[in-house]
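**Q**
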Amino acid sequence: MTPVTAPWVRTRLRAAPGAAVALAVLVALTACLAAAFPRALDRYTDAGLRRAVEGAPADVTGVLVTAAPAPGLEVAAAEDSLRPRPLADAHRSVLDAVERPLVVDEEQSSYGVRVTGSLPSPEEWLPRPDGLPAEMVLAAPQGLGDHARLRSGRLPRVTGGRSGASTTALEAAVTEETARTLHMKAGSVVHLPGHRELTVHVTAIVAPERPDGAYWSVDSVLRTPSLRRAPGPSGAPSPTYWVGGLLLAPEAGPALLGSAPLVRYWHLAPDPDALHGRDLDGLASAVASLESGPGLQRLHSTVSPLADATTGLDEVLTTYGRLRGDIGPLVAVAASGSGTVAAVVLLMAGGLAGDRRRAELALLRARGASVRGMAGRLLAETAVVAVPAGALGLGVALLALPGARLLPALWAAGAVTAVACLALPVRAAAAHHRVRVHDDRRDAASPRASRRRTVAELTVVVLAVGAVEVLRRRGATEGAGGLVAMAPVLVGVIAALVLVRLYPLPLRGLARPARRLRGAVGPLALARAGRTSASTALPLLALLTAFTVAAFGGSVLSGVADARDRAALLAVGADARVEATTGALPSGLPARLGKAPGVREVTEAGVDHLARTPDGRQSVPLAGVEPGAYAALAGRTGLGAFPAGRLTRSDGAGGGSGDAVLPALASPAVADRFGNGTFRLRLADGGVAALRIVLVRDRTPAVYGDDFLVVDRAGLPTGSAPPNVLLLTGDDLDAGALRRAADDAGTVHLRSEERGRYVDSPLQSGAERVYTAAVAAGAGYAALALLLSLASTAPERAALLARLRTMGLTRAQGRRLLVLESLPQALPAALGGVLTGWAAVRLLSPGVDLTTIAMSTAASPVGRAELRTDPWSLAVPAAAVLVLAVGVAALQAWWSGRRGAVTELRAGDAR
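Under the working numbering, the first residue of the sequence shown carries the number -13, and numbering increases by one thereafter.
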């Protein structure tokens, strides 16, 4: 009879289906998060680049290629070069000169012929604001009918379908705005005397399909007339005149020869959908090639030796690159930390499986199984579960975040799957590379660390110190290297290694005096907590790394929020601001605003922006306030708090009586300008006030800027500086209710709305979301690491409780024993995590500048946004670790009590 051999993988999966399902869920979740991270980066960097390009004017982001007729060219050849077919051929050559990854939006691009200046028209019916004749810019764009809607008349055309340098009568279309401003209509005739007089008949009024699009951005006057000033003598008012645009037929280009200097033009609009943040260097290279590189040489050879290319797209790309370079390293810190914690959890899962099957694998080795054969079977067993789970996680990430690169996500999910597959085989091969008859005690530590471990720990210390020093000196920029991104992680690693070595020592020292206590629970708990092994390093590494990343990430997010709040407060002056456009605000407006939802206080101020010295050479904004209410507002907002009595006149007089001097609060710049003596200011209504600076503050709520004076309004001449600013404080202010209460009496600005203006790029919002998700994922994996650590010793603790219950230990004593045993490990982990997080923020803060991610610009009204420790980011994870450790211990004690001692102490049961 042939013996039947049961397949290894199938047998093992059937024997432990719960463990297989748990591993599959862990791998699928981790692979999904790992694959989602690079795709999320791609999506928000792409969105940021597109927003930057679309937010800039089309004439800035477009590439304008121009070519004037070659000097000395015969008239016939010059005419032929301006006809539609040669222009279309040249347009194709211009498109071919554009290098990838820069892609042109052909629908919004345009080309044609236009004059480089404007031609004056003697028509009297055209508007003349200061008596100067209106001037016209002539252009013959291709594809006018595809980019404009016909409002009246018909599109222009050329009689006979062909024009030349001798043509003097032309037809043109004008936009609705041009027609309205310059009093044109279909049938109007415009004479343009120049080198050769032209007569232009207006045959159509058109409306641009996309007025702000690239097609209408070659010259803004072709869409909207411009009121310009003529140069004149210095000091004399400059007269103004109108400049409008006439849109000729596409075939009318040759007719412009001889009338004015002209050029052929090709305006190339970049395709926003083809812009990707990862191609930034390639885009900059493509633009540089067109401006002064191989692309321009191709234009010289295929279009014209006089071809020239200009664009502002390179400046847009540079600004975007600077913003991305400032934000990228901060995101890398969160990614490295979360990735480290996730990797530790995967390794712990493999280690837990290896520990549970220690006896089984030792028996296999004793019966002749080779290390290679055993590791191969374990790898196959794990791969059957991990590979489909990793593929599932990758698929979920691809579906959840479309429109990004596949390869980085594939590599990330593959790395997670590989770690999950190799953790158990490698752990088993290392533990069972030699055949052993007896196992050592698993709850005892080696009295002396090995040389290899000491060298490894010293190497990590050197790397961590180097990374922190690099970050402190060079800042968190892309040039600082990938080691900087791992600096918070390495700080956590150092703390974990130090804590593993040190924390058993005081516990062992306390175990001896604890023996004198009554009862066995305390001494037993301390004795067991003091016995530790190297396996404790992994959960501590996960916890402390998560602590460090959470502290760093929480401090980053808190610093960004504080910088925005502070900048919004400086701009508004309070939670809301109502300011009159002209004159004073209505007297009943403060009462109406005070009744709006959420409003607690309304503070009045009269700001005179026209106050100046009697000689008129110096001006400074002057705010007249009621000292008591205004001092309270300044104290609440933290904008230049001061004692109210310092602004009140000692004689108590008001109304600008006599020649009394008003005490004033000034900015440092104004204080340096006027000094400590008495000076006079002439107010907007003609009144004069004598002032003396008694207080100096950097900021004040009523006036935004570095120049201001604040005085008691009661001391100003009667009627001077009437209330034209209301500063509101409160919670959850309703913008609609405030605007309804203001009733168009003034403009309403809210601090919350001003704060939202600082997030004007998807790079900022995307980086914040990714950072928050990374910190949350790291915290979740740290909690899972703690649970796995407790689960690895759960069978041993359950058996211990069962044995002790047979000796008379009560259930309450069993719960206290497990709780007291968990506290000596949880407390050092929590306290060490708080200390590590605080130290990491303190060490790394000099090299981290949050200004760009907070304000989207290097310049900030609040100065440099620094990284500061966020107490909640330290306290919440520490409390969570303690609660989780104590809760799991109590739950296990309760569950073990329900099962009974006989179940736990069955002989031969593998645990």
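Every residue, glycine too, gets a C-beta built ideally from N, C-alpha and C. These numbers were taken from a predicted model, which means no experiment stands behind them.
#1: Assign serine 322 to one of two classes, buried (16 or more other C-beta atoms within 10 Å of its C-beta) or exposed (fewer than that).
#2: Excluding the 5 residues flanking aspartate 45 on each side, which residues of the same chain have their C-beta closer than 6 Å to its C-beta?
#3: Answer yes or no: do alanine 609 and valine 696 have a C-beta to C-beta separation smaller than 7 Å?
#4: Compute the Euclidean distance between the alpha carbons of leucine 269 and aspartate 198, then round it to the nearest angstrom.
#5: Flag threonine 226 as yes if its beta-carbon sits less than 7 Å from any beta-carbon of chain B, otherwise no.
#6: Output needed for glutamate 163: all residues of its chain with C-beta closer than 6 Å, excluding positions within five of it in sequence on either side, in chain order.
#7: Could you tell me which whole beta strand (DSSP E) segments of length 3 or greater appear in the stretch 692 to 765?
#8: With a cut-off of 8 Å on the beta carbons, I'd call valine 188 and glutamate 121 a contact; round off their distance for me.
#9: Please name the residue in Thr226, Ala10, Phe538 whose C-alpha comes closest to that of threonine 758.
#10: Specify, as a first and last residue, the run of the alpha helix (DSSP H) that leucine 385 falls within.
#11: Residues in the same chain with beta-carbon distance under 6 Å from leucine 347, minus the five sequence neighbours each way, listed in chain order, please.
#12: Could you pull out every residue in the same chain whose Cβ sits closer than 8 Å to the Cβ of glycine 4, ignoring the five residues on either side in sequence?
#13: With DSSP as the reference, label glycine 569 as helix, strand or coil.
#14: Contact between the stretch 308 to 323 and the stretch 332 to 344: three or more CB pairs below 8 Å?
#15: Please work out which residues of its chain come closer than 7 Å, Cβ to Cβ, to serine 79, disregarding the five sequence neighbours upstream and downstream, and give them in chain order.
#16: Just the C-alpha distance for alanine 329 and alanine 769, rounded to the nearest angstrom, thanks.
#17: Check glycine 263 in the structure and name its three-state DSSP category.
#18: Go ahead and label proline -7 buried or exposed: buried means 16 or more other beta carbons lie within 10 angstroms of its beta carbon, across all protein chains shown.
#19: Tell me the start and end of each unbroken beta strand (DSSP E) in the stretch 288 to 368 that is at least 3 residues and wholly inside, in chain order.
#20: Go to proline 70, then tell me how far its alpha helix (DSSP H) extends in each direction, as first and last residue.
#21: Label glycine 701 either buried or exposed according to how many other C-beta atoms from any shown protein chain fall within 10 Å of its C-beta, with 16 as the threshold for buried.
#22: Which full runs of the beta strand (DSSP E) of 3+ residues lie inside the stretch 122 to 205, going along the chain?
#23: DSSP has tryptophan 880 in a bridge; who is on the other side?
#24: Could you tell me the boundaries of the beta strand (DSSP E) in which phenylalanine 665 lies?
#25: Using DSSP's beta-bridge definition, name the partner residues of glutamate 443.
#26: Please classify asparagine 662 as buried or exposed, where buried requires at least 16 other C-beta atoms within 10 Å of its C-beta.
#27: Checking 7 Å against the spacing of the C-beta atoms, do leucine 285 and alanine 274 come in under that value?
#28: Note down the Cα distance separating alanine 134 from alanine 597, rounded to an integer number of angstroms.
#29: I think valine 243 touches alanine 190, with their Cβ atoms under 8 Å apart; what is that distance to the nearest whole Å?
#30: Excluding five sequence neighbours on each side, which residues of the same chain lie with their C-beta closer than 8 Å to the C-beta of glutamate 464?
#31: Quick check on aspartate 729: buried or exposed, where buried means 16 or more other Cβ atoms within 10 Å of its Cβ?
#32: Counting C-beta neighbours from all protein chains within 10 Å, is the total for alanine 520 16 or more, i.e. buried, or is it exposed?
#33: For valine 593 and leucine 579, which I take to be in contact (beta-carbon distance under 8 Å), what is that distance rounded to the nearest angstrom?
#34: With H, G and I counted as helix, E and B as strand and the rest as coil, what does DSSP make of aspartate 66?
#35: In whole angstroms, give me the CA-to-CA distance for proline 583 and arginine 563.
#36: How should histidine 77 be labelled, buried or exposed, when 16 other C-beta atoms within 10 angstroms of its C-beta is the threshold for buried?
**A** This is what the structure gives:
#1: buried
#2: Ser203
#3: yes
#4: 23 Å
#5: Included in the structure is just one protein chain, with no chain B present.
#6: Thr210
#7: 695 to 698, 711 to 716, 733 to 736
#8: Wrong, their Cβ atoms sit about 16 Å apart, outside the cutoff.
#9: Phe538
#10: 357 to 386
#11: Ala414, His418
#12: none
#13: coil
#14: no
#15: Thr288, Val289
#16: 14 Å
#17: helix
#18: exposed
#19: 294 to 297
#20: 70 to 82
#21: buried
#22: 134 to 139, 155 to 161, 175 to 178, 184 to 194
#23: Beta-bridge pairing links tryptophan 880 to no other residue.
#24: 664 to 668
#25: Glutamate 443 is not bridged to any residue.
#26: exposed
#27: no
#28: 50 Å
#29: Note that residue 243 is leucine in the sequence shown here, rather than valine. No, leucine 243 and alanine 190 are not in contact; Cβ-Cβ is about 24 Å, not under 8 Å.
#30: For glutamate 464, the predicted model reports a pLDDT of 49, less than 50, meaning its position is unreliable and no value from the coordinates is stated.
#31: exposed
#32: The predicted position of alanine 520 is uncertain, since its pLDDT is 45 and thus under 50; no value can be drawn from it.
#33: In fact, because the Cβ distance is near 17 Å, the residues do not count as touching under 8 Å.
#34: helix
#35: 15 Å
#36: buried
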